Amino acid sequence: MSAKYSNPEVSASPHVRAKLSTSHIMQLVVLALIPSGCYGVYHFGINALFHILITVAACVASEFLFTHFMHKPLTVTDGSAVVTGLLLAYCLPVAAPLWMGAVGGVFAIIVVKQLFGGLGHNFMNPALAARCFLLLSFPKLMTDYTYGLYDSISSATPLQLLKESGDLGDISVRDMVFGNIGGTIGETCTIAILLGALILLMFNIIDIKIPAIILATFSVCIMLFNYLLGTHDFNIYYLSAQLSGGGLMLGAWFMATDYVTRPVNTKGQVIYAVLIGMLIAVFRWFGNNAEGASFAIIFANLLTPLLERLPVRKAFGTGGKQA
Amino acid sequence: MLKGTFFGGIHPFDGKEMSKNKPIVDYVPKGDMVYPLQQHLGAPAVPVVGKGDYVRHGQLIAEAGGFVSAPVYAACSGFVKTIEPHLTVSGDMVESIIIENDGKFAPLEQKKTEKQDTALTPQLILERIREAGVVGMGGAGFPTHVKLAPKNPEQIDYIIVNCSECEPYLTSDYRRMIENPEMIIEGLEYILAIFPHAKGIIAVEDNKADAAVKLEKLCINKPAISVSLLKTKYPQGSERQLIYACTGRKINSSMLPADGGCIVQNTDTVCAVRDAVAEEKPLMYRIVTVTGDAVKNPVNFRVPIGTSYAELAKEAGGFVKEPAQIISGGPLMGISLFDIDVPVIKTSSALLCLTENDVRQHRQTACINCGRCADACPEQLMPMRLLRAVAAADRDTFLKLYGMECIECGACSYICPAKQPLTHSFRTMRRNIMAEKKRGGEK
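So the protein sequences, as listed, match chains A and B.
Here this note's numbering is used: the first residue of the first sequence is 1, the next is one more, and so on.
Here this note's numbering is used: the first residue of the second sequence is 1001, the next is one more, and so on.
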């Protein structure tokens, strides 16, 4: 009587799943990072491409070898190592020796990510942690912003100039927005980063909340510092230079939004983003370094477990007024 | 007009195209009919016929086993073959009356038709519903006469007919609305007669706007009934979400909808109420959608309860391709079947045969804390953290994170990019906690 069929497989409901998977998300992040990378190679030359390739290769290889030799499930296909590699490469100055990315990549994947349990368990952004590790270990090499194959161009970044002399010299804000300045491979071109951010927003990969709050808080703080301690005026020119210089944009859009290391609750996210914005301003104004985004973000990463302990939102229909 | 909606939710592929334009076809069963004694929530029904008895179409074969229970009627005629455990949709072996269908559908000798001028008092309406064995036909199977008898009937403000049909692929309610809208309204009017202050709301998702227009036309001169158009989103048909979308009232797990002054009834249930009250017809038929890309001719059947799913699949033209997944009900809350030779019961809404097993297609990866599950959760829970609590068998945290508010709709599992078994973990944990409470282990 029964119609012809043989052993359909059973599953627990729901029996359908959305198409978007973890690796799709990673692929979209890679896509969003491509504009910045392309500009980096165009602006800094072929060496930038070598940096990117070596760093990504180091990350992917470390992920593969670690999981292989530790007899863990192979997770290299999820694409998260590629994202880490790209982000780390974008944080390197083009003048750094080529082994730098490899060292950083191994550190990012093995020490920061895999030793803590792999994807989803790392307590800080692997790329940023590796960048800070390199910055502290090789401060000279990591802050050598010389570029240009034949004649080296100005070694100071706009932020360094701004900090030392209070003005940008012959660099225009237009140069900064379009990325025609010194800096690390992926951070200089604000337009390219925003294009990537647009891709992330369009595909619903990130929420605008965290980057928007970071940028707003940072703007308010840096203007306040400038007004109280610096030139005593509200200088839009100064603000736009601050916004488009350094790792702020790359950090706010691509690193602070990293799912694993940002709080998942809205309350936590707001505090987290405000904290990052304030810390970047403090580090840039008071710190030794003209930079500060990386340290601010990994510091906030460390607070994430604490922020996630904030009371959870009330379930639908519980608490408050009913019926 | 502002369309009602709720927090969270998902938009899965809806697949209703396959069967939404197929008119309801009466299916005449050929094989044996199986009547499980447990087709509803509450006490199982008690057989009143024995092996070898001749049973007629419309005859009571099992009476209610208590107040929260419902009688069962035969929708065919023939000799009772046996009363023994039979496999049901849920995968359980349930004591069932099996009737050897002789294909004659010999009717019961007509009841002496009393004068129909006895006024329909609320008691009489409830009595007829109870006698007809009407239960919630949307899935839960809660006896309707119990649901319609809350402590304070005068405090009920709204009777909501759930015509949202938010589960993908299902079109049985839609066909009802298109073909018998007057039945829905009539049934709703009988229910409203039980409650002195209640207003009727027929809630329809906006992807079925044509049906809503039909219903609206019919209630032009009925001030007590209105049609509410809701945004199409899963799980709009969930009781709490539906009540919120229609009235703005919030119900939680410690309340009954009646505590919020609302009672929700499924479309087919309301039609069954209409038949029970107006014609004293017991619940013997229901609409079943047979669909899915594995089915040759997707169709909506009016099926005598007790018919085997296998017969329905055959009648729908059989399979174009071997199904990899067979589901009773919708793809989000339905039950996966390992054997298709199970009977249609009062709560069966669809037989869904898919050529691909979606769950098997995806590889599970680690949770990356993306938060999509929390955005999708209509109960505003934090599924990723509940999952961690379940993994750690941490019952206190599970409760603190409102785990018992979960309605097991499946939105979190659906949306999860890491394909984590969220809903299923919560279901297991909730079952354990509820079982323990029942045993009196902890209060």
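C-beta atoms are modelled at their ideal positions from N, C-alpha and C, and glycine is treated no differently.
In this text the structure is predicted, and so the values were computed from the model without any measurement.
What do you get for residue i, buried or exposed, if any count of 16 or more other CB atoms within 10 angstroms of its CB means buried?
i, result
"residue 1152 of chain B", "exposed"
"residue 46 of chain A", "exposed"
"residue 1067 of chain B", "exposed"
"residue 51 of chain A", "buried"
"residue 1118 of chain B", "exposed"
"residue 1320 of chain B", "exposed"
"residue 208 of chain A", "exposed"
"residue 1015 of chain B", "buried"
"residue 1428 of chain B", "exposed"
"residue 99 of chain A", "exposed"
"residue 1220 of chain B", "exposed"
"residue 322 of chain A", "Model confidence at residue 322 of chain A stands at a pLDDT of 42, short of 50, so the residue's coordinates are unreliable and nothing is read from them."
"residue 164 of chain A", "exposed"
"residue 15 of chain A", "buried"
"residue 310 of chain A", "exposed"
"residue 1333 of chain B", "buried"
"residue 1018 of chain B", "buried"
Which residues does DSSP pair with residue i in a beta bridge?
i, result
"residue 1042 of chain B", "Answer by DSSP bridge pairing: none, since residue 1042 of chain B is not bridged."
"residue 1026 of chain B", "B:1302"
"residue 1079 of chain B", "B:1054 and B:1100"
"residue 1286 of chain B", "B:1303"
"residue 1163 of chain B", "B:1204"
"residue 1353 of chain B", "B:1326"
"residue 1174 of chain B", "Paired residue(s): none; residue 1174 of chain B is not in a bridge."
"residue 1488 of chain B", "Because chain B in this structure spans residues 1001 to 1443, residue 1488 of chain B falls outside the shown range and cannot be described."
"residue 93 of chain A", "A:184"
"residue 1336 of chain B", "B:1327"
"residue 1319 of chain B", "B:1295"
"residue 1199 of chain B", "B:1158"
To the nearest angstrom, how far is the alpha carbon of residue i from that of residue j?
i, j, result
"residue 85 of chain A", "residue 55 of chain A", "5 Å"
"residue 95 of chain A", "residue 194 of chain A", "25 Å"
"residue 1286 of chain B", "residue 120 of chain A", "47 Å"
"residue 1085 of chain B", "residue 1284 of chain B", "21 Å"
"residue 4 of chain A", "residue 1049 of chain B", "For residue 4 of chain A, the predicted model reports a pLDDT of 46, less than 50, meaning its position is unreliable and no value from the coordinates is stated."
"residue 1212 of chain B", "residue 1205 of chain B", "8 Å"
"residue 1357 of chain B", "residue 1169 of chain B", "15 Å"
"residue 1075 of chain B", "residue 1405 of chain B", "39 Å"
"residue 275 of chain A", "residue 217 of chain A", "8 Å"
"residue 1442 of chain B", "residue 1258 of chain B", "Low per-residue confidence applies at residue 1442 of chain B: pLDDT is 48, beneath 50, and the placement is therefore not dependable enough to give any value."
"residue 1297 of chain B", "residue 1088 of chain B", "25 Å"
"residue 262 of chain A", "residue 1425 of chain B", "25 Å"
"residue 272 of chain A", "residue 303 of chain A", "8 Å"
"residue 69 of chain A", "residue 1311 of chain B", "54 Å"
"residue 132 of chain A", "residue 58 of chain A", "17 Å"
"residue 90 of chain A", "residue 250 of chain A", "9 Å"
"residue 1412 of chain B", "residue 1059 of chain B", "44 Å"
"residue 1433 of chain B", "residue 189 of chain A", "55 Å"
"residue 1341 of chain B", "residue 1306 of chain B", "11 Å"
"residue 1041 of chain B", "residue 1069 of chain B", "7 Å"
"residue 1395 of chain B", "residue 1421 of chain B", "18 Å"
"residue 1030 of chain B", "residue 1004 of chain B", "44 Å"
"residue 277 of chain A", "residue 211 of chain A", "9 Å"
"residue 1165 of chain B", "residue 1375 of chain B", "22 Å"
Is any heavy atom of the ligand SAM found at a distance shorter than 7 Å from the C-beta of residue i?
i, result
"residue 188 of chain A", "Among the components of this structure there are no ligands whatsoever, and the ligand SAM is therefore not found."
Find the residues of chain B that neighbour residue i, judging by a C-beta separation of less than 8 Å, and give them in chain order.
i, result
"residue 295 of chain A", "Here the premise fails: no neighbours, minimum Cβ distance about 22 Å."
"residue 218 of chain A", "Simply none; closest approach about 24 Å."
Name the chain A residues that come within less than 8 Å of residue i, Cβ to Cβ?
i, result
"residue 1417 of chain B", "18, 20, 21, 22, 24 and 25"
"residue 1382 of chain B", "264, 265, 312 and 313"
"residue 1333 of chain B", "13 and 14"
"residue 1079 of chain B", "Correct list: empty, because the minimum Cβ distance to chain A is about 18 Å."
"residue 1306 of chain B", "Going along chain A, no residue has its Cβ under 8 Å from residue 1306 of chain B, so there is no contact; the nearest lies around 14 Å."
List, in order along the chain, the chain A residues whose C-beta lies closer than 9 Å to that of residue i?
i, result
"residue 1034 of chain B", "Neighbours of residue 1034 of chain B on chain A: none; closest Cβ ~12 Å, over 9 Å."
Under 7 Å Cβ-Cβ, which residues of chain B neighbour residue i?
i, result
"residue 305 of chain A", "By Cβ distance, chain B contributes nothing, its closest Cβ being about 11 Å from residue 305 of chain A, past 7 Å."
By the criterion of Cβ-Cβ separation under 9 Å, what are the contact partners of residue i in chain B?
i, result
"residue 9 of chain A", "1324, 1325, 1336, 1338, 1357, 1359 and 1360"
For the stretch 128–151 of chain A, which residues have a beta carbon sitting closer than 9 Å to at least one beta carbon of chain B?
Those would be none; no residue qualifies.
Positions along the stretch 20–51 of chain A whose CB lies within less than 9 Å of some CB in chain B:
Listed by position, the residues of the stretch 20–51 of chain A near chain B (Cβ gap below 9 Å) are 20, 21, 22, 23, 24 and 25.
Positions along the stretch 1238–1258 of chain B whose CB lies within less than 7 Å of some CB in chain A
Hits within the stretch, in order: 1240, 1249, 1250, 1251 and 1252.
Output, in sequence order along the chain, the residues in the stretch 1041–1074 of chain B whose CB is closer than 9 Å to any CB in chain A.
Within the stretch 1041–1074 of chain B, no residue has a Cβ that lies closer than 9 Å to any Cβ of chain A.
Check each residue of the stretch 93–123 of chain A: if its Cβ is closer than 9 Å to any Cβ of chain B, include it; give the result in chain order.
Those would be 117, 118, 119, 120 and 121, in chain order.
Where the stretch 78–92 of chain A meets chain B: residues whose CB sits under 9 Å from a CB there
Answer in chain order: 78 and 80.
Taking only beta carbons into account, state which residues of the stretch 183–212 of chain A come closer than 7 Å to chain B, listed in chain order.
Listed in sequence order: no entries.
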